[in-house]
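Residue numbering for the sequence shown follows our numbering, starting at 2 and increasing by one per position. Contents: one structure, followed by commentary.
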Amino acid sequence: MYVFRQKARTIIIIIIFMNFTLFVTVLLTAVTLVVAAYVIAKLIGPRSYNAVKGEPYESGIPTRGSSWLPMHVGYYLFAILFLMFDIETVLLYPWAVVVRDFGAMALVSIGFFLVVLVLGLAYAWRKGALEWK
2 MYVFRQKART IIIIIIFMNF TLFVTVLLTA VTLVVAAYVI AKLIGPRSYN AVKGEPYESG
62 IPTRGSSWLP MHVGYYLFAI LFLMFDIETV LLYPWAVVVR DFGAMALVSI GFFLVVLVLG
122 LAYAWRKGAL EWK
């Protein structure tokens, strides 16, 4: 029994070490590629320093007034609706991958999620949040 435990511990330690080694290898490769891309871009990239480069918006049109202008609240509403449906997409993809493993409970849970989402969309539509004013 003791020998079996010792072998099991050894196997577990080897598996953990192999996974850690793989993680460190991938991490170092990613960091190396990012640093190499940055250094290459700095070495061969064009260098032009002038007054226009220091401006926040480089279009050739001189700025008027302050750069902090008030935004129309409609942009915020559309941004929130976009985020709502973006999160839906992020949640639906993994659900679609594992739906067969979880059976009917997965269908009920995603059905509830979609009903709440559609009710939120209907509420926003009814309140006129989708109309540009």
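For every residue, glycine included, the Cβ atom is placed at its ideal position computed from N, Cα and C.
8 Å Cβ cutoff met for isoleucine 81 and tryptophan 96: no
Report yes if the C-beta distance between alanine 130 and leucine 78 is below 8 Å; otherwise report no. yes
Please name the residue in Leu34, Tyr76, Tyr50, Val119 whose C-alpha comes closest to that of lysine 134. Tyr76
Spatial distance of arginine 48 from tyrosine 39 (CA atoms): 14 Å
What separation, rounded to the nearest whole angstrom, lies between the Cα atoms of threonine 11 and valine 109? 43 Å
In whole angstroms, give me the CA-to-CA distance for proline 71 and leucine 118. 30 Å
Our contact map puts valine 100 next to alanine 107 with C-beta atoms below 8 Å; I'd like the distance itself, whole angstroms only. 5 Å
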